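The structure appears below as structure tokens.
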Amino acid sequence: MDISENLDSILSTQDELEPLLEESPALVQKRRSQGRIIFDRFVRNKAAVVGAVFLILLFLFCFLGPTVTGHNKPDQQNLTSVTDTLAPPSWKYPFGTDDLGRDELARAMVGGQTSLLVGLSSMLMAIVLGVGIGAFAGFYGGIVDNLLMRLTDVVLSVPLYLLLFVLSATFTDGTPRSVIILIAIFGWTIAARLVRGEFLALKEREFVYAARTVGAKDFRLMFRHILPNAAGPIIVNATLLTSSNIILESVLSYFGFGIKLPNASWGSMLNYGENLADVAPWLIYVPALLIFFTVLSLNLVGDGLRDALDPYMTER
Amino acid sequence: MGRYIIRRLIQAIPLLFLISIAMFGLIHALPGGPAAVIFNPHLTAAGRAALVAKFGLNDPLPVQYLKWLSQMLVGNFGYSFQTNQPVSQIIAERFPNTLQLFGSALVLALILAIILGIIAAVRQGSIVDYTLMTLSYFGIAMPVFVLGLIAQNVFAVQLHWFPPSGLSSPIFGMSPFQSFLDHLDHLFMPMCVLAVAFIAGWSRYMRSSMIEVVKQDYMRTARAKGVSPIPLLIKHALRNAVIPLITVVAIDFGSVAGGAAITEGVFAWPGMGLQFLDSLDRRDYPVLLAMLLLSAVFVISFNLIADILYAVMDPRIRYS
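As you go down the protein sequences, you meet chains R and Y in turn.
Going by the numbering used here, the residue at position 101 of the first sequence is 101; the numbering climbs one at a time, nothing skipped.
Going by the numbering used here, the residue at position 55 of the second sequence is 55; the numbering climbs one at a time, nothing skipped.
If you want it as structure tokens, here you go:
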């Protein structure tokens with residue numbers, strides 16, 4: 001009798017709970033996916049959201065802007081009247097023109113395409129290289145680790161800008177591709193160190209032992225099991241690496257070593273505009289501010305990702 | 001303590017060797033090799049062969065490397081392709097200018113970073129802290145040459161507050177005091193631009209280090225024993241908080257040999273960085289390689305000095 005009474009009371013309270021749940025479904029929290037947790041934490045960081053929004057707008061500006069606004073002739077020289085050359089920003093020329101009458105808005109958009117492309121591609125190459133090297137070093141340890149870390153130390157100890165200047169003067173030809181490869185060759189070191197550290201820590205975990213017991217080979221272990229767990233710091237590093245790569249490319253182009261005519265980037269716009277800066281300061285303000293805000297937004301997003309991803313396992 | 005230093009030295013030497021090998025490889029990887037620029041296009045084949053033999057370019061690479069290294073170690077960096085001056089003389093001429101620029105920027109940055117770091121730490125969470133940290137964040141994100149260009153344009157070209165470039169004005173008959181002031185006038189902008197980048201990073205570091213230190217028990221004990229706040233801050237907190245910052249400063253100072261290249265380029269300051277850029281334009285490889293090697297040696301040495309300094313100031317590190 002007691003048991004059935006208890007059972008009845010339990011069942012009846014469940015019936016009482018049901019209508020409550022219908023009225024206030026907020027009491028029931030659906031389990032969020034990992035991605036959703038990270039996204040929610042990211043969105044809580046207002047500065048990071050501002051940075052992300054700026055980056056999205058910037059991409060639209062650079063890649064869709066030319067076709068949408070009609071400012072898609074960056075090399076067109078408007079020489080019809082004297083007010084068309086060296087014109088300060090106005091409705092007709094929102095970013096002004098240079099001494100050959102070229103529209104700075106169009107140049108900013110097309111140059112931005114190159115700058116962003118170089119920054120992202122070199123980052124991807126560097127990350128692939130760095131993750132590969134770091135994974136091998138961390139997983140195998142011993143001599144392999146020692147050798148690869150020595151290599152990393154050597155690359156880190158050389159003065160980066162000086163060496164980049166020399167190499168870009170000698171080996172690049174002004175196209176984005178050569179600049180991308182050059183920057184990537186020096187960008188992998190921090191990612192490699194990071195990944196090596198993560199692998200050293202993760203390879204002793206139970207899931208690795210379990211996978212090994214089932215017969216997983218080394219490569220599979222590294223890239224299918226361990227690497228996804230190390231993804232967080234890699235993503236953060238990737239974002240910050242993009243921002244430093246954009247700066248690197250701008251510096252190289254500014255000194256005349258990176259992107260050269262006919263390709264344009266924000267750095268080469270600075271190079272060109274520097275001589276005219278006393279009469280046409282907008283020629284350097286436009287690319288300079290674009291570079292600055294891009295780098296700032298990338299840094300904000302990177303920091304926001306760092307906060308959102310660490311640790312991402314705990315559900316709030 | 002001595003053993004720690006020796007251990008770090010022993011670790012640094014293979015790295016220096018590896019870097020020298022990498023630089024040597026670089027000479028030979030550049031198009032045409034080390035011989036490319038010195039050979040007159042009007043040379044006959046026999047003449048060219050004679051020059052190659054004279055310079056020992058036919059020797060096996062390891063032999064060439066050892067010969068090159070032995071010369072580098074005694075300071076014989078070769079002769080400039082452009083001016084035939086000994087490279088060491090060129091570097092010796094330019095180094096004081098870079099040292100002026102870098103050194104003054106460093107000192108200014110250190111003083112301001114410590115002050116701002118302390119203020120932000122003591123008023124943690126307040127509007128002052130928030131403003132300072134936001135500004136330092138902007139400073140970190142701002143690339144040096146962008147800041148330099150904008151500052152040069154705004155302050156020198158548009159407002160005419162400072163001269164835009166160079167070391168001194170081309171005015172004859174200035175008294176020594178006037179030329180000293182003129183020199184400071186030219187130094188001011190590049191120094192500030194260079195300092196901003198350092199201040200941004202260091203003040204954050206100082207702030208977090210200070211916050212760490214203030215939480216320690218010995219601070220509370222000292223305060224309980226009656227030490228008033230400001231001497232407490234300076235004598236106890238500052239001394240301990242400054243330790244990690246000094247090591248960061250030492251490491252950043254390591255980039256003196258090449259780190260100011262961008263600022264010097266923007267402001268046409270005749271230091272080692274500008275010499276590097278000029279030599280690069282003329283493909284003057286002996287100068288370039290000597291400077292690359294020198295920079296790498298500086299970087300490694302100052303990393304070593306930073307480690308040793310840290311051990312000197314914080315005894316806990318030595319025994320690990």
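All C-beta atoms, glycine included, are put in the ideal place defined by N, C-alpha and C.
Just so we're clear, the structure is a prediction, and the values are computed from it rather than from any experiment.
Here A261(Y) is near Y161(R), since their CB atoms are less than 8 Å apart. For the pair F138(Y) and A200(Y), the Cα-to-Cα distance works out to about 8 Å. Taking the CA atoms as reference points, L116(Y) sits about 46 Å from G78(Y).
Judged by DSSP secondary structure, W266(R) falls within the alpha helix (DSSP H) whose first and last residues are W266 to E274.
For P143(Y), the residues of chain R that pass the 8 Å Cβ criterion are I247, S250, V251, I291, F292 and V295, in the order they occur in the chain. Taking one beta carbon from each stretch, the segment 159 to 171 of chain Y and the segment 65 to 77 of chain Y have fewer than 3 pairs nearer than 8 Å; the two do not touch. For A22(Y), the residues of chain R that pass the 8 Å Cβ criterion are V154 and V158, in the order they occur in the chain.
Around I5(Y), the same chain offers I308 as residues with beta carbons nearer than 6 Å, after the five sequence neighbours per side are excluded. Neighbours of A250(Y) in chain R, taken as residues whose beta carbon is under 7 Å from its own, are absent, since the nearest beta carbon is some 15 Å off. Counting the other Cβ atoms within 10 Å of the Cβ of Q34(R) gives fewer than 16, which makes it exposed. With respect to chain Y, the C-beta atom of P281(R) has a partner C-beta closer than 8 Å. In this structure the segment 92 to 110 of chain Y lies against the segment 272 to 281 of chain Y, because at least three pairs of beta carbons, one per stretch, are closer than 8 Å. Contact check between the segment 89 to 108 of chain R and the segment 257 to 274 of chain R: three or more CB pairs, one atom from each, fall below 8 Å, which counts as touching. Rounded to the nearest angstrom, the gap between the Cα atoms of V131(R) and L187(Y) is 43 Å.
Rounded to the nearest whole angstrom, the C-alpha separation of T114(R) and L120(R) is 10 Å. D314(Y) and I243(Y) have their C-alpha atoms some 8 Å from each other. Between I190(R) and I246(R), the C-beta gap is not smaller than 8 Å, which leaves the two residues out of contact. Among the residues facing chain R, Q158(Y) is included, as its CB has a counterpart in that chain under 8 Å away. Within the segment 201 to 263 of chain Y, the complete alpha helix (DSSP H) runs of at least 4 residues fall at 217 to 224, 239 to 253 and 256 to 259.
Using beta-carbon distances, A257(Y) counts as an interface residue toward chain R, with a partner under 8 Å.
According to the DSSP assignment, A50(Y) belongs to the alpha helix (DSSP H) that extends over A45 to K54. Residue ranges of uninterrupted alpha helix (DSSP H) with 4 or more members are absent from the segment 84 to 128 of chain R; none lies entirely inside it. Counting every other CB atom within 10 Å of its CB across the protein chains shown gives A238(R) a total of 16 or more, marking it as buried.
For S295(Y), the residues of chain R that pass the 7 Å Cβ criterion are P159 and L162, in the order they occur in the chain. In the three-state reduction of the DSSP assignment, P60(Y) falls in the coil class, being assigned neither a helical nor a strand state. Listed along chain Y, no residue sits closer than 7 Å to V50(R) by beta-carbon distance, the nearest being about 12 Å off. The beta-bridge partner set that DSSP reports for P86(Y) consists of Y79(Y). In this structure, A105(Y) lies away from A250(Y), with their beta-carbon atoms at least 8 Å apart. Look at Q77(R) here: in three-state DSSP terms it is strand.
A288(R) is not a Cβ neighbour of L300(R), given a cutoff of 8 Å.
By the Cβ-count criterion, R102(R) is buried, with 16 or more other Cβ atoms from all chains shown falling within 10 Å of its own Cβ. With 16 or more other Cβ atoms inside 10 Å of its own Cβ, D252(Y) counts as buried. When C-beta distances to chain R are compared with 7 Å, the residues of the segment 149 to 178 of chain Y below that value are L149, I150, N153, V157 and Q158, in chain order. At least 8 Å separates the beta-carbon of L261(R) from that of G273(R).
Residues of the segment 167 to 189 of chain R with a C-beta atom less than 9 Å from some C-beta of chain Y are L167, A169, T170 and F171, listed in chain order. Closer than 8 Å at the C-beta level to chain Y, one finds these residues of the segment 261 to 278 of chain R: L270, E274, A277 and D278.
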